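First to last, the sequence lines map onto chains A and B. No gaps in the numbering here: position 102 of the first sequence is 89 in the numbering used here, and each next residue is one more. Just remember that the numbering used here sits 15 ahead of the position in the second sequence, which is counted from 1. For each residue, glycine too, the CB sits at the ideal point set by N, CA and C. Fair warning: this is a prediction, and the values are worked out from it, not measured in the lab.
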Amino acid sequence: MTTSRTRYFVIVSLLILTIGLGTGLVAYYVGMPPAASATGPDELRFVPANASLVAYADVRAVLVSQVRRRLLDVLPLPSNGQKEFENETGINIDTDVDHLVACLTPPAQGSGLPLSGMALVRGRFDEAKIESLMQAHGARVEQYKGSRILAADVHAPQRAANEIMSLAFLEPGLVAVGSDAVIHTAVDLKASGANVTTNDQVMSFVKSFAGNDAWAVGRFDALTAEAKLPQGVAAQMPAITWFSAAGRIDSGIAGTFRADATTAEAANNLRDLLRGIVAFARLQAASRPDLQPMLDSLQLGGSGTSVTLAFDVTPQMFDQLTAALKGLRRAPLTPSK
Amino acid sequence: MTDATLRRQRLSFASATMRIFDLSLPQMLWSRRSVFLALVTGGPVVLALLIRAIVAARPAGALQVNGAAPSGAALYGMIVWLLYIRFIVPVLGVFYGTALIADEVDDKTITYLFTRPIPRGSVLAGKYLAYLVCTILLVLPSVVIDYFIVVPLGGRAGIGENFPALIKDLGMLAVGLAAYGAVFALVGARLRRPLVVGLVFAFGWEPGVMLFPGYVKRLTVAYYLQGLVPHAMPDESAVSAILQFFSETPTIVASLTALALITAGALWFAARAVERREYVLDQ
């Protein structure tokens, strides 16, 4: 009795299911080819593959954002701080820096040393001025595999390689600042190519950050292990493997926090915890209609082992916050009777 | 014809079920109700295409839910929760499940089926099987299409990362269609106005009792079905906030066991009702 059109319908439905599940299965095990525009900043070429934390900030976007201007109105930065930094390094943050990539790498096994860090700053730099300024402060110049490395504090006694601060010009317009050991690794990576872009887990996060002005991704377990937390505190830490945060900054701030738990059960527990916190905050803010939109923008999500919390501080909310901050600054302190 | 000849001609329950299934599947697929079914399952696909078009036409972050820009996977999770679990699965269960026997009664054609040499219960079983195949073949491809339209919004890597959640969704929706279909098949086989009762159960009783703490929510299909959902419940309304506040999610094993029992029990009682009940046809 089954008509031919019924047969065709069944075949088409099963075909869609088969193709969909087949593609998903291949993507799950092999991964999808990356989109050209979603491979992250070019500076990731210098970040070691075993980095525990990788972060990016579009400094230019942040500097020209309305959020910064509003914050400066309320919380003005010390005017001499930026000038002092410029005098020390020859770098004017307002005009010279475009964006930066930062990373933390674990020390060699059993070395007992803390995490090493590095910041890769892209912009326009006067190499001669920076070099002369650093040499004036006692830095040593080293030629390493075609790159000039300026190591500061080399005369300090008993310093390990990851405790010495260095600066290197990796290529025109790109300065690396950080631990001497990581700077040397970055120079090595220039030739070897075994950088963080070969780390599929990190790169899957990086690809998902496309369009954000700032982001960070890291291994929660590796960072907490290095933090040397007390036993009691460490036991209470949620079972999270990866965490990430990404946001866009313009007239407001919108972003997402994400945590990947070890198991679906741990993720459910974390979701329940966050849900409770958000619900409690909503109850507390019931009498504060000005805070309501911000709390309403909190979106708890995620599936399987991932937990996400999205937020959005709109320009209107920023105005309310800055007004409240201004009010606090102006309010005179009255002694209690 | 002697009794012995009749007994020889009488089909077994399984063979009769397959005959009825073969007869009912095309009827179910190409009926007027199918237009409704196509609209219901096509809606999320159209919505997903709309989301994709908005994201393509406007800069990053232009698409916002409750003031925040959700990721592709979060949007997909919302579609599954709000459209499939809370609306499409119960509504398909109500409209198709209650109609399995009631339609034959209304059309006065049930007599033709009951006078065949087949067990009466196989009529319900065959029709239920046709409902399950029909709805599964429409709903699951719609979910897969939604997944591939919406999830890549957060980067193509999301397709692989969220694949286990897609598999769980497909399984959960198939189980949900089976459970709701069985419950409403029972309603259709026992009651005179099954559609009204079904609608009240799916959109009155179920969401109503889920708002309250206590054990009453265990008398719903939604309670166990929500225990299988791999996505976080979206907090899009005050009702959701209350649901989350009182959320008490059963384990996956408990949910699957309860849904299997509900499905098997409802089908058994429905088949028993069809076997025993005298359907009086309005003249």
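Beta carbon of residue i nearer than 8 angstroms to that of residue j
i	j	result
residue 66 (chain B)	residue 154 (chain B)	no
residue 203 (chain B)	residue 112 (chain B)	yes
residue 183 (chain A)	residue 31 (chain A)	yes
residue 140 (chain B)	residue 209 (chain B)	no
residue 244 (chain B)	residue 100 (chain B)	yes
residue 283 (chain A)	residue 239 (chain A)	no
residue 12 (chain A)	residue 163 (chain B)	no
residue 292 (chain A)	residue 232 (chain A)	no
residue 165 (chain A)	residue 119 (chain A)	no
residue 246 (chain A)	residue 257 (chain A)	yes
residue 110 (chain B)	residue 48 (chain B)	yes
residue 105 (chain A)	residue 173 (chain A)	yes
residue 242 (chain B)	residue 272 (chain B)	no
residue 107 (chain A)	residue 137 (chain A)	no
residue 110 (chain A)	residue 128 (chain A)	no
residue 297 (chain A)	residue 289 (chain A)	no
residue 0 (chain A)	residue 62 (chain B)	no
Cα-Cα separation between residue i and residue j, rounded to whole angstroms
i	j	result
residue 202 (chain A)	residue 73 (chain A)	26 angstroms
residue 82 (chain A)	residue 57 (chain A)	19 angstroms
residue 178 (chain A)	residue 53 (chain A)	41 angstroms
residue 97 (chain B)	residue 259 (chain A)	20 angstroms
residue 190 (chain B)	residue 40 (chain B)	19 angstroms
residue 33 (chain A)	residue 176 (chain A)	6 angstroms
residue 227 (chain A)	residue 295 (chain A)	12 angstroms
residue 212 (chain A)	residue 277 (chain B)	47 angstroms
residue 157 (chain A)	residue 135 (chain A)	8 angstroms
residue -2 (chain A)	residue 49 (chain A)	53 angstroms
residue 44 (chain A)	residue -7 (chain A)	56 angstroms
residue 25 (chain B)	residue 288 (chain B)	21 angstroms
residue 71 (chain A)	residue 116 (chain A)	15 angstroms
residue 121 (chain B)	residue 270 (chain B)	35 angstroms
residue -4 (chain A)	residue 282 (chain B)	27 angstroms
residue 52 (chain B)	residue 186 (chain B)	20 angstroms
residue 207 (chain A)	residue -10 (chain A)	58 angstroms
residue 189 (chain A)	residue 204 (chain A)	7 angstroms
residue 51 (chain A)	residue 237 (chain A)	8 angstroms
residue 225 (chain A)	residue 252 (chain A)	11 angstroms
Cβ distance (whole Å) where residue i is taken to contact residue j below 8 angstroms
i	j	result
residue 113 (chain A)	residue 77 (chain A)	6 angstroms
residue 150 (chain B)	residue 107 (chain B)	5 angstroms
residue 173 (chain B)	residue 195 (chain A)	7 angstroms
residue 59 (chain B)	residue 184 (chain B)	With 8 angstroms as the limit, residue 59 (chain B) and residue 184 (chain B) do not qualify as a contact, their Cβ atoms being about 12 angstroms apart.
residue 186 (chain A)	residue 234 (chain A)	Not confirmed; about 22 angstroms, so no contact.
residue 36 (chain B)	residue 144 (chain B)	5 angstroms
residue 92 (chain A)	residue 162 (chain A)	Rounded, the Cβ-Cβ distance is 18 angstroms, inconsistent with contact.
residue 148 (chain B)	residue 188 (chain B)	Their Cβ separation, rounded to whole angstroms, is 14 angstroms, which puts residue 148 (chain B) and residue 188 (chain B) out of contact at 8 angstroms.
residue 104 (chain B)	residue 195 (chain B)	6 angstroms
residue 4 (chain A)	residue 156 (chain B)	6 angstroms
residue 87 (chain B)	residue 168 (chain B)	3 angstroms
residue 43 (chain B)	residue 127 (chain B)	Contact doesn't hold; Cβ gap of about 17 angstroms is too wide.
residue 301 (chain A)	residue 60 (chain A)	No, residue 301 (chain A) and residue 60 (chain A) are not in contact; Cβ-Cβ is about 17 angstroms, not under 8 angstroms.
Status (buried if at least 16 other CB within 10 Å, exposed otherwise) for residue i
i	result
residue 176 (chain B)	buried
residue 229 (chain A)	buried
residue 276 (chain A)	exposed
residue 133 (chain A)	exposed
residue 286 (chain A)	buried
residue 29 (chain B)	exposed
residue 124 (chain A)	exposed
residue 199 (chain B)	buried
residue 16 (chain A)	exposed
residue 32 (chain B)	buried
residue 89 (chain A)	buried
residue 132 (chain B)	exposed
residue 193 (chain A)	buried
residue 234 (chain B)	exposed
residue 135 (chain B)	buried
residue 268 (chain A)	exposed
residue 129 (chain B)	exposed
residue 115 (chain B)	buried
residue 238 (chain B)	buried
> What are the residues of the segment 86 to 99 of chain B that lie near chain A, defined by any Cβ-Cβ distance shorter than 7 angstroms?
Replying inline: 86, 88, 89, 92
> In the segment 149 to 160 of chain B, which residues sit with their C-beta less than 8 angstroms from some C-beta in chain A, listed in chain order?
Replying inline: 152, 153, 155, 156, 159, 160
> At a Cβ cut of 8 angstroms, what residues of the segment 25 to 45 of chain B count as close to chain A, listed as they run along the chain?
Replying inline: 37, 38, 40, 41, 44, 45
> What residues from the segment 134 to 146 of chain B come within 8 angstroms of chain A, judged by C-beta to C-beta, listed N to C?
Replying inline: none
> For the segment 181 to 198 of chain A, which residues have a beta carbon sitting closer than 7 angstroms to at least one beta carbon of chain B?
Replying inline: Those would be 191, 194, 195, 197, 198, in chain order.
>> Please list, in chain order, the residues of the segment 0 to 15 of chain A that have any C-beta partner in chain B closer than 9 angstroms.
In response: Answer in chain order: 0, 1, 2, 3, 4, 6, 7, 8, 10, 11, 12, 13, 14, 15.
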